[in-house]
Amino acid sequence: MARTVRSCALHTVRAAIQSYESAATDETLVAIMLLSLFDDIDGNRPSIVNPHIQGIRHILRLRASKPLRSERDRSLFAWAFTQIHIYAFTTAEYRCFDPNWFPASIEEDDYGSHFTLLASKISYFCELAQKATPQNSDGLPIIDAATRRDSDLSTILKAINIQLELDSWTKSLPSDWIAREVPNITDHCIREFNFLTTYASQNLACAWALFHSTLIIFYSSLITCCHRILSCDLALVSEEERSRVETTATMAESNIKNLLSRICKSLPFATGDIDRNGVKLTCLKYKPGCGYLLLWPLTIVANCRYSTTSHIALSTMTLLRIGSAMKLANWISQRPNTICFPGSRSTFQVSLKPTSYYL
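Numbering (the numbering used here), first residue to last: 88 to 446.
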């Protein structure tokens, strides 16, 4: 019965997106979100990539510059952008989101949308950083090594500018957006941490996990760019440049390890095991919606080459827990090292592009 209803709903949405008037409405985007959630819970899409991506992109294109006037508008935009963002990082199609689709104006206190704008810049940076040296049909470099070096140095400067914007965004946050450190007094499996982190709400904890996972990919891409420069002939890179690039790579790696730990330290609160003061709850407050938001951050932690054994164990265990209500989480946890993204342990780009429901 549920599958029959889903099929009818998908047919209705397909028809709706053919018309500008209906496609640009909140109701159509909500319908796609609900269909997507059904597929994730049912296990109908065995991939981290959302088969509704083409429909989501089409709607955002039509809604371009539409102001985010309410919390509902912000939540819908955040969900849609997150799906496209995951698609970009796992398929290396970094330009699948057009910055012109952003709302014409973002309220000063809409901190999530401001980070989304930063995330789109990170996506474009990843495209530049991950590009290998172009080659012709004979496998010979199209550009010389010196040009490649200059290009990579320019890319690193772009990363520095993004970092400055990120620092400015962080400084603008109000106190209720900032994490609270609490003593780790639970019998939770992450005993290696003396402190855990909590937030004003579980949803905010999940949002931060999403932010941190985006930054892990950012710094991983930066390291790729740095390593390419460091592999250049000694005559092409001065000792001073080499030293600066080595320092940049070391700092990026340190940031990644810190971000992985921050995601893990927030999991007991995000999954409802502890309250804001770090006290273990006798009646757990797990929210399936929070589990859904944690899927991508947990995928990053479980598959990142910089994750420790404890990071991987905790993320996999949490995915299995979420998987009791959402089969997509089980699919991810059972396939270690098969999901490729900047910074993942897997270096083989598996084809994750599903057949779209909207072509």
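All C-beta atoms in this analysis are idealised placements derived from N, C-alpha and C, irrespective of residue type, glycine included. As the structure is a computational prediction, the values presented were derived from the model and not from experiment.
Pair within 8 Å by beta-carbon distance, residue i and residue j
i: Leu-205; j: Trp-256; result: yes
i: Thr-386; j: Ile-193; result: no
i: Thr-301; j: Ile-209; result: yes
i: Leu-406; j: Ser-420; result: yes
i: Phe-356; j: Tyr-286; result: yes
i: Ile-409; j: Ala-400; result: no
i: Ala-389; j: Leu-323; result: no
i: Cys-293; j: Asp-239; result: no
i: Gln-250; j: Gly-359; result: no
i: Ile-350; j: Pro-384; result: yes
i: Trp-188; j: Arg-148; result: yes
i: Leu-260; j: Tyr-198; result: yes
Top-ranked residue by Cα proximity to residue i, from the options
i: Ile-140; options: Lys-245, Ala-167, Ile-209; result: Ala-167
i: Cys-183; options: Asp-127, Ser-238, Gln-289, His-145; result: His-145
i: Arg-32; options: Val-117, Tyr-286, Thr-203, Leu-291; result: Within the shown structure, residues of the chain are numbered from 88 to 446, placing residue 32 beyond reach of any answer.
i: Pro-429; options: Asp-113, Tyr-174, Val-324, Gln-250; result: Tyr-174
i: Tyr-393; options: Ile-310, Leu-283, Trp-264, Leu-260; result: Ile-310
i: Leu-347; options: Arg-101, Asn-248, Asp-113, Thr-284; result: Thr-284
i: Val-453; options: Asp-254, Met-120, Leu-317, Glu-340; result: Limits of the chain in this structure are 88 at one end and 446 at the other, which puts residue 453 out of reach.
i: Pro-451; options: Phe-202, Phe-125, Arg-148; result: The shown model of the chain, from 88 to 446, leaves out residue 451, and the question about it has no answer.
i: Ser-106; options: Arg-150, Asp-185, Ile-272; result: Arg-150
i: Leu-163; options: Tyr-181, Asp-185, Thr-203, Pro-186; result: Thr-203
i: Asn-345; options: Asn-364, Cys-319, Phe-280, Leu-381; result: Phe-280
i: Asp-362; options: Ala-339, Ile-272, Gly-376; result: Ile-272
i: Glu-268; options: Lys-258, Lys-218, Asn-364; result: Asn-364
i: Lys-218; options: Ala-165, Tyr-181, Glu-327; result: Tyr-181
Residue burial classification, residue i (beta-carbon count within 10 angstroms, cutoff 16)
i: Val-437; result: Note that Val-437 has pLDDT 45, beneath the 50 cutoff, so the model's placement of it is unreliable and the number below is only indicative. Val-437 should be labelled exposed.
i: His-314; result: exposed
i: Asp-196; result: exposed
i: Ser-200; result: buried
i: Phe-435; result: Residue placement at Phe-435 is poorly supported in this model, since its pLDDT is 47, which falls under 50; the coordinates still yield a value, given next. Per the 10 Å Cβ criterion, exposed.
i: Asn-342; result: buried
i: Asp-372; result: In the sequence on display, residue 372 carries Lys and not Asp. Exposed: under 16 other Cβ atoms inside 10 Å.
i: Lys-352; result: buried
i: Pro-154; result: exposed
i: His-98; result: exposed
i: Ser-123; result: buried
i: Pro-270; result: exposed
i: Cys-95; result: exposed
i: Asp-55; result: Absent from the structure is residue 55, since the part of the chain shown begins at 88 and ends at 446.
i: Val-92; result: exposed
i: Val-366; result: exposed
i: Leu-244; result: exposed
i: Ser-207; result: buried
i: Pro-186; result: exposed
i: Ala-191; result: exposed
i: Ser-334; result: Reading the sequence as shown, one finds Thr at residue 334 and not Ser. Counting Cβ neighbours within 10 Å, Thr-334 comes out exposed, since fewer than 16 surround it.
i: Leu-354; result: buried
i: Ala-102; result: exposed
i: Ser-330; result: exposed
i: Leu-291; result: buried
i: Leu-382; result: buried
i: Ser-241; result: exposed
i: Ser-325; result: exposed
i: Ser-157; result: exposed
i: Ser-411; result: exposed
i: Ser-431; result: buried
Presumed contact (8 Å Cβ cut-off) between residue i and residue j, rounded CB distance
i: Met-404; j: Tyr-379; result: Between Tyr-379 and Met-404 the Cβ distance is about 17 Å, and since that is not below 8 Å, they are no contact.
i: Ile-171; j: Ile-143; result: 6 Å
i: Ala-455; j: Ser-308; result: Residue 455 lies beyond the residue range present for the chain, which begins at 88 and ends at 446; the question has no answer from this structure.
i: Phe-305; j: Phe-212; result: 7 Å
i: Cys-391; j: Ile-303; result: 6 Å
i: Ile-104; j: Ala-110; result: 4 Å
i: Ala-336; j: Trp-295; result: Actually they are not in contact, since the Cβ atoms of Ala-336 and Trp-295 sit about 25 Å apart, beyond 8 Å.
Span of the beta strand (DSSP E), counted from its first residue to its last, around residue i
i: Phe-282; result: 282-285
i: Glu-447; result: Summary: the structure shown does not reach residue 447, with the chain confined to residues 88 through 446, and so no result is reported for it.
First through last residue of the alpha helix (DSSP H) which encompasses residue i
i: Met-404; result: 396-410
i: Ile-243; result: 232-259
i: Gly-199; result: 198-217
i: Gln-170; result: 158-178
i: Arg-349; result: 326-357
i: Ile-304; result: 289-317
i: Tyr-107; result: 107-110
i: His-39; result: In the structure displayed, the chain extends from 88 to 446; residue 39 sits before or after that span and is not available.
i: Asp-127; result: 113-129
i: Lys-367; result: That residue, Lys-367, is in no alpha helix (DSSP H); it is neither H nor E in DSSP.
i: Ser-420; result: 414-420
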